[in-house]
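Heads up, the thing below is written out as structure tokens.
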Amino acid sequence: MSTVNWTFEENKAFENALVLYPEDAVERWELIAGLLPGKTAADVEAHYQKLVEDLDAIEAGLVPLPQYKDDPEEEKAEDSKRKKSKRNKKQGRSKSPAGREEAAEGKIEV
5 MSTVNWTFEE NKAFENALVL YPEDAVERWE LIAGLLPGKT AADVEAHYQK
55 LVEDLDAIEA GLVPLPQYKD DPEEEKAEDS KRKKSKRNKK QGRSKSPAGR
105 EEAAEGKIEV
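Residue numbers 5 to 114, in the numbering used here, belong to the letters of the sequence shown in order.
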């Protein structure tokens with residue numbers, strides 16, 4: 005398999021070319037390589053195979069998805085956890101049912 009380096013711009017052009025030339029395109033790899041100076045059809049095909057392998061690994065759960073600090077969905081989830089924790093503290097609740105039972109029995113302080 006080829007170990008050719010790909011820049012961000014080349015990857016974007018490669019991804020766009022995959023859409024432009026779908027799987028059933030005749031001479032797909034040659035056509036895509038023609039859009040990427042310095043890349044051969046073999047380079048393009050090897051890059052595609054690596055992409056497929058990476059996607060398969062992600063879909064199989066073998067690669068953890070990154071958690072971005074500025075991800076709005078992550079921020080919502082964290083805000084929700086913080087608000088729930090504050091509500092529980094205000095209402096004298098511990099985090100777990102077992103903890104509530106212990107508190108009710110006077111075994112732990114809430």
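C-beta atoms are modelled at their ideal positions from N, C-alpha and C, and glycine is treated no differently.
If you check the CB distance, ALA37 and ASP47 come in under 8 angstroms. In this model, PHE18 and LEU59 are separated by some 16 angstroms (Cα to Cα). Per DSSP, TYR72 lies in no alpha helix (DSSP H) and is assigned neither H nor E.
Rounded to whole angstroms, the gap between the alpha carbons of GLU14 and GLY65 is 27 angstroms. DSSP, reduced to helix, strand and coil, places ASN9 outside both helices and strands of the structure shown, so it counts as coil.
GLU34 and ALA45 do touch by the CB rule: their CB atoms are close to 5 angstroms apart, below 8 angstroms. Look at the segment 13–75 and you find these whole runs of alpha helix (DSSP H), each 4 residues long or longer: 32–38, 45–63.
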